[in-house]
Each structure stands twice: as C-alpha cells, then as structure tokens.
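This note's numbering puts the last residue of the sequence shown at 814; the count rises by one with no breaks.
Cβ atoms here follow ideal geometry from the backbone N, Cα and C, with glycine treated the same way.
In what follows, a structure is listed as structure tokens, so that the remarks can point back to it.
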Amino acid sequence: MPGTAIRATSKFDTAELSFDDFKKIVIEDYRIGYESRQASIIGRKEVLTGKAKFGIFGDGKEVAQLAMAKAFRAGDWRAGYYRDQTFMFATGMSNLREFFAQLYAHPDVEKDPASAGRQMNCHYATRFINADGSWINQAETMNCSSDISTTGGHMPRLLGLAYASKLYRQNQELEYLSQFSVNGNEVAFGTIGNGATSEGVFFECFNAAGVLQVPMAISIWDDAYAISVPAKLQTTKEDISEILKGFQRENGSNGFEIFKVKGWDYIALCETYARAITLCREEHVPVLIHVTEMTQPQGHSTSGSHERYKSKDRLAWEDEHDCLLKMRQWMIASAISTEQELDELEAEAKKYVRDCQREAAGELVTLINAELEEAAKMIEQYAEGVSVKEQLTEIVAELRKSYDAGRKEIVSAVRKTLRATAKEDSAERQLLVNWLNAEKVKANGRYNTKLFSDTPQSPLYVPVVPAVYSDNARSIDGREVLNACFDANFARDKTIVAFGEDVGAIGDVNQGFAGLQSKYGDLRITDTGIRETSIIGQGMGLAMRGLKPIAEIQYLDYLIYAITVICDDIGSLSYRTFGGQKAPLIIRTRGHRLEGIWHSGSPLGMILGSMRGFHICVPRNMTQAAGMYNTLLRGDEPALVIESLNGYRLKEKLPENVGEFTVPLGKAEIMREGTDVTVVSYGSTLRIVLEAAEELEKMGINIEVIDPQTLYPFDKDNLCGASLKKTNKLLVVDEDVPGAASAYIVQQIIEAQKGYYSLDSQPRTLTAKEHRPPYGSDGDYFSKPSLDDIVEAVYAIVSEANPAKFPPIY
Ligand SMILES: Cc1ncc(C[n+]2csc(CCOP(=O)(O)OP(=O)(O)O)c2C)c(N)n1
Ligand SMILES: [Mg+2]
C-alpha cells in the first residue's frame, strides 16, 4: 500500500503490531488475493474468446499462498507448479503485467522474464544469470526455479535446491560463496497438486529429503481432484498426509514434520506457515504442509469445464468454501473491514487487473499490427508489376482480414507471395526476400535460441590444453587415470561434489573415486540411496546454486530411470527461460558392453532424442574421459559422459597434467588414416574397429577410422565429410539398435556435412541387433558388432565396388 511499510508479505510476529497494522496487512493480503482471482477470471475469458491459446490458473488456491509468501525470504527458493500466481504476486517475484504477457506468449524477455513467451501461462521463473553467464547474488534475491508442466516433475529439482543449503551450512569450505547462501539459512519451497503426489517421483524425493534432512518445505494444494479424477482413485485413504505419517520424525529420528491445514482458514494458514518454515529453516528438517479443502472455481483449465465431472453437491460445497469468500466473511466478522470497504477494494482491483491485461494485450497487438501493415504494403506495391497481381491481392486481403493475426500469418503471407512469383525476378521482389530473411533471423532469436546458455563460460570456449606425457609416463589402469583426474579437480575447485550409488565409501563400483571420500570428506564425495531420478535432481539443484556437481548413474541402463528429469527439466532449462537460468550438471555413467541385458546397454538413440540441451560425450578410453571432465568442470553447461564399462582395467599412460589437459567438445579425431573406407565409431566399438583395421590392412584394405568423441556437438570441423572426399565410402559402427544413434551420425555426415556428394556407394551402418543384449560371450557375439562383423562389413563395401579384386566372401 502506498505510503506505508505494510506489505502482503509483512509478518504478524512483530511484538508491537497494533490492531491497525494487523488490519492493513490482512486487507493488503486480500487485495492481492482478489487481484489474482480477477487475473484468473479474465485470463480464462481471453482464452475462451481466442485471444490466447491456453489457460491454467491459481483460482481457489489464493489464501494459502498469501500465508506461504509471508514465510518466504530473500535467498529462498521456489520449485512449484502452475497454481502459484498468488504466491508469485505476493512475493513480488512476478506481477500482473508479466502474467498477461506470458498468457499472450509475448516473445520479449522484458515483458515475460520467466520464459520470453516460450512457456504456457502460469509457468514462473526469476532470472539469475547475467548476460555474460555470471550469477546474480542469489542470497539477496527471492528465487524461483523455472516451472515445468509435468505433474511432480519438479520434485527432484526441489530436493536439489534444498540439498544445496545443507552443503552450504555444513561445508565450511564454501563460506566464501556468500552470493549463493547465508550459512544455509534458505528454505526450498515446493508446491504440488494432490493428484501429482501419486507420481513415483514424489515418493522418491520425499523419502530422499527425509534421509538427507534438508530444508525443503512441500505444500500440497489439495482440491480433491486431478482434472476429473477424484481423490478416491488417486490416494490411499484419500488423504496424502495421513498416509505419509510414517515419515513423521519422532524421538530423535530423522524424518519430516507434517502439518495439515484448511485452505480457506487464513489465520490457521499464517500460523502454520510461520511455525513450519521456522523449523525447516533453523533445524533443516523437511516439512510437509498439507493444505486441504481447496477449490477450483473455474475448473482445471480452459480445456474443459468441471461441471462435467463434479456433482452438484461438490460444486455447491466449493462455492461455499471458496477461500477468498471465507476470508472476506472472516474479515467482516472480526471487524477488520466492512462490506462496503471490501466492495470498493474489489471494484478497484477489478479495474486495475483489467488495465494490466489491456496494456499487455495492447503492446503485442500494436507491434504485430505495425508489422502486418508493413508486410501488406510491401506485397501490394510488388503486386502492381507482376502477372499474378490478383493472387497477391488476395493474399493481402486474406492477411488484412485475419482475426488476431500473429507473426505466423504475416510471414506466411510473404512466403506465399514469393512462392506465387518464383519465376519472377525484380528488385521489388528482392525487397520481400530481404524482409523475409530479416524476419527469419528475428524469429530464430525469439524461438530457436538458448538451448545452451551460450555465454563466454560455455565449455565450448574452454581453452584447449593438450595432454603432456613424461618420457617415463606410467601405464596404469584406466580407472586410475580417472581417479587422478578427479583428485586433481577436487583439490583445485572446492565447489565440485560427486554423489551417487556406491560413490562415497567405496569410490564407485569401478573405483574412479576410490580414496577421495577420506581425503575430501563425505559432503563432497557422497553415497546416495538407489534413486536415479532424485540423484539427478539433487545435482540439478546444486548446479543452479553455484556448485559443480558430478551426479553418477551407476550404469548407463539406469539412466532410463532418470530420463524425465534430464529431458523435461535440465535439458530444457536454458531454452525455456531464454537463458535466464542454468544447471551445469555433469552426469557421469558407464555403459556399452559388459554382461547381460541391463549392464550392456548403449541406448544412444534414446539419449540423442531426449537430451538436447546436454553435451553428449562418448570417450573411447579413460584418458579421453578425463580430458572431457576437465573441460566440463571449467564450463557451465550440462553434459553426459559415458565411460566404456569394459575399459577400466585396460592400461593407459598417465598424463603429467591429468587434472589440467582438456578434450574439446565437438572435436573429432582421426584415429587411423586410410584411403578405402571411412569408418566412424565411438565408445567401446571404436577399439574393435581399430583391431579390425589391422586385419583389413592385411587383406589389402586401408580404412580411415574417425572417433567423433562427442555426439552433441558432432564433429564441428567436418572431419568425417572431408574423409569421404578421399574414400567415397562410409560405414558407421556402434552398439545401439539399428536406425538409432547410427542413423543420427549418418544424417550428420551425409546431410549436414554434405557427405552425400562424395559417396560412390551406399552409406552403411553396423549396429547391435534390435533386442537387448543377451548374457554371456556368445550372446554378446551374436548380438553386438564383433571384429568379424566389422571386417566383413568393410569388406562387403569394397567388394561391391571391386569384386574382381575382392570377391564376395560368401
Ligand atoms: C506427467 C504428467 N502426466 C499428466 C499430465 C496432465 N495433467 C496436467 S495437470 C493434471 C492434474 C493434476 O492434478 P493435481 O496434481 O491435483 O493438481 P491440480 O491441477 O488439481 O492443482 C494432469 C493429469 C501432466 N501434465 N504431466
Ligand atoms: Mg488437485
């Protein structure tokens, strides 16, 4: 309220709070809640009248969020979902103009700082990366991690954000990082719908928080429904806090403090949040606040109406228990305000929200209209001198009369014009082409950028430092090379932590971290439960808060357990926030062939399809892996490193600068020069290809072997394409299923690198079989590419070209 220090987030716990001050706080709260409700109502109308595409809103959840906002402080974090607009307004992390800008998909980050128009409405985020990639001071700001739409998908991130506070509090060596934490006094606030608690990810993260004892405060907004499905079909006993009672800490055990409170009881909510969050903040005990009896005045979203599936009785109950109505009644009954005062407040609020909405809508419409006019005029002028004038006039007329045109309609009209006049050539036409090209550049900036944070701190710009070997360099097990690399990095940078199943005490199942826990402590090298999704979430949260985590997935096959958080959350973070947030997490795993169906996987096709936004490193040995870690640990973008499971005990020379040398990303290497066939492979199969090359040499066939080293990015210097100019023949070998990663590699070489123009025979792939790899050496031989397979695949290619010299073997 102007002229007073009282704000919605003002606390009630000041000793000298007068009744007048108390009243002001409550009224201000009500105003924010009421404005938020109006935003929901108007927002829905905008969608239903076609002015916006989709709407999902926080109506019915306002009062609890006002109470939660009172407990939220600078330095705290939110990881929530689409119902939280009131909380965002009350804390000042968002406002009505931004709310409407996002509803209209305004692709200007100034207007929609959460996502620059990339996310559906009510998907919130604050920005914590400066343009140069540096972090803002997170300890001084209120922080909102970027929402995703998947129900419960944000829980792993929430866990990680809370876990960071634990590390900042308990690891004294991190005290210098005051821009990320004040002694771990921050709370990570999570919100989730009652229905979403049915997801496995909720239970996994809930349990992990109880084990870890982190300052995580989960609020469950319980409106008894998940779209149309009622609690009866969602939750055992229809009551999530009831069934979670076993997690309650008691008699000095770890666990949660669990609270239950009604979503329309303002005072009880304020008291509950004050108590719960103080406990959580001070003692680092995770808390659950189960907020019941919430409603959905407008139903779930604009996709349908809840009258279809809620009974008349339920709808009547919801009307009566509307939290704002209840708050209003209570304010009048306790003489905090009068009917008339509140009528006035509501009228004012309605007008204010409407003004904000009009302003936001107007801004975009004005821009678009000007662009439409410009394009229409250009087409009209051009139409004067061409044979298809009528057709172009029609295109313009169509454009002008399109209702609520967007840039799509404008650009499409120009493209249609250019198609209709493909045979013409004039300066006027060139003007249109130029306009279109400029528009494409702008559209690219609006819609296609920031998959990576792409700042000077990107690992792509980490200086290249070659490995240096002394004359008497020791040959040691590959795992020891990695161990030395990690040791050097842990000594160099105190923000690096590693964790995962069996990573701590024994230093991972292949001993890459052996001995490091006793050297650097269990806060830095840490065992976790078996819970892949939340391990990755733990890493994500740490990475967002300035630490350098290496999260380990024990075997590549188990990455599948974590693929949702990887794909939905980390991979899209930079893109969906328009570079406003980043999570430079390194995922370490080991894969390709070993033994059995779940220890021999190489699902690179799945990875390529679901891990855009990550760098994908597929080192052929542990030295290359070490160099990649050295690069990634000095950069700020997420990456996956897949070590070759069968390579830990192979001997490799230890570089003198094992913690310093870097392997650049996207830099392919020619492992063997040759003239007859280009063979591209990576990871474990690369070694077999090199062995095959020896045998082929004896047969008079000379292959060029290329290791791309990373699949994202792929061979930035076009070594593969260049090699084809020499050999004109291509074989791609990997141990993924047919048509998966090998197909991607072929696409990169043939299409992106234009290798097609160099080919004189069909490009081939040699992969594993369609099924999962069976157990045992024979199973491996008959389902993954073997030396025999590779030799014969290359032979078949040269035989086809020159059967006289190389007659078919079979
Ligand atoms: C993983 C996933 N499954 C399904 C959906 C579709 N969906 C969106 S919201 C929703 C219901 C969520 O209900 P609840 O968690 O109770 O939250 P509420 O909307 O009631 O606040 C569903 C099924 C989704 N977004 N993500
Ligand atoms: Mg619900």
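(Q) Taking 6 Å as the cut-off, is the beta-carbon of G197 closer than that to any non-hydrogen atom of ligand 2? (A) yes
Q) Which first and last residues belong to the alpha helix (DSSP H) in which W439 is found? A) A431 to Y451
Q.
Our contact map puts C126 next to I60 with C-beta atoms below 8 Å; I'd like the distance itself, whole angstroms only.
A. The C-beta distance from C126 to I60 rounds to 6 Å, short enough to meet the 8 Å contact threshold.
Q) Does any heavy atom of ligand 1 sit closer than 6 Å to the C-beta of S153? A) yes
Q. Grouping DSSP H, G and I as helix and E and B as strand, with all else coil, what is C126?
A. Residue state, collapsed to three classes: coil.
Q: Select from E177, I611, F786 and L770 the residue whose C-alpha is nearest the C-alpha of Y799.
A: L770
Q. Rounded to a whole number of angstroms, what is the C-alpha to C-alpha distance between N493 and Y172?
A. 19 Å
Q) Mind checking K266: buried by the 16 CB within 10 Å criterion, or exposed? A) buried
Q. Alpha carbon to alpha carbon, what distance is there between S150 and I749?
A. 33 Å
Q. Apart from the five residues on each side of it in sequence, which residues of its chain come closer than 6 Å, Cβ to Cβ, to E322?
A. T299
Q) Out of curiosity, what's the CA-to-CA distance linking T530 and Q766? A) 50 Å
Q. So does Y229 have its beta carbon nearer than 6 Å to some heavy atom of ligand 2?
A. yes
Q: Please specify which runs of the alpha helix (DSSP H), each continuous and at least 4 residues long, are wholly inside the segment 145-191, giving them in chain order.
A: 159-174
Q.
If you measure between the beta carbons of G541 and P160, is that distance less than 7 Å?
A. yes
Q) Any heavy atom of ligand 1 within a distance shorter than 6 Å of the CB on A200? A) yes
Q: Tell me H619's beta-bridge partners as DSSP assigns them.
A: A643
Q) What whole-angstrom Cβ distance do I794 and V693 have, given they're in contact under 8 Å? A) Yes, I794 and V693 are in contact; Cβ-Cβ is about 6 Å, under 8 Å.
Q: Specify whether the segment 190-199 and the segment 79-94 touch according to this definition: at least 3 beta carbon pairs, one from each stretch, less than 8 Å apart.
A: yes
**Q.** Ranges of the beta strand (DSSP E) found wholly within the segment 282-327, counting only runs of at least 3
**A.** 291-296
(Q) With a threshold of 8 Å on Cβ separation, who are the neighbours of A365 within its own chain once the five nearest residues in sequence on each side are excluded? (A) E50, K55, F104 and Y108
(Q) Output needed for E804: all residues of its chain with C-beta closer than 7 Å, excluding positions within five of it in sequence on either side, in chain order. (A) S765
Q) Mind checking whether T1 and L658 have CB atoms under 7 Å apart? A) With the chain represented from 5 up to 814, any question about residue 1 goes unanswered, as that position is not in the structure.
Q: For G250, name the three-state secondary structure that DSSP assigns.
A: helix
Q) CB G639 to CB L181, shorter than 7 Å? A) Here G639 is not near L181, since their CB atoms are 7 Å or more apart.
Q. Which word fits I705, buried or exposed, when buried means at least 16 other C-beta atoms lie within 10 angstroms of its C-beta?
A. It is buried - the Cβ of I705 has at least 16 other Cβ atoms within 10 Å.
Q) Nearest CA to the CA of Q217: which residue from V291, D116, E203 and F517? A) V291
Q.
For the segment 624-633 against the segment 662-680, do three or more pairs of beta-carbon atoms, one drawn from each stretch, fall closer than 8 Å, so that the two count as touching?
A. yes
Q.
The alpha helix (DSSP H) that contains L723, what's its start and end?
A. L723 to T731
Q) Who pairs with P234 in a beta bridge, going by DSSP? A) Residue pairing by DSSP places P234 opposite Y229 in a beta bridge.
(Q) Suppose contacts are defined by Cβ-Cβ distances below 7 Å. Is L735 in contact with R768 by that definition? (A) yes
Q: May I ask you to check if the CB of R404 is nearer than 6 Å to at least one heavy atom of ligand 1?
A: Every heavy atom of ligand 1 is 6 Å or more from the Cβ of R404, so no.
(Q) Distance check for V469 and L368, CA to CA, integer angstroms please. (A) Their Cα atoms are separated by approximately 49 Å.
Q: Report all residues from its chain with a CB closer than 8 Å to the CB of L440; omit the five preceding and five following residues, and keep chain order.
A: Excluding residues within five positions, the ones whose Cβ falls inside 8 Å are V415, V418, R419 and L422.
Q | Alpha-carbon spacing of L817 relative to N198, whole angstroms | A | There is simply no residue 817 to check, as the chain begins at 5 and stops at 814 in what is shown.
Q. Helix or strand or just coil, what does DSSP make of V684?
A. strand
Q.
Please classify K523 as buried or exposed, where buried requires at least 16 neighbouring CB atoms within 10 angstroms.
A. exposed
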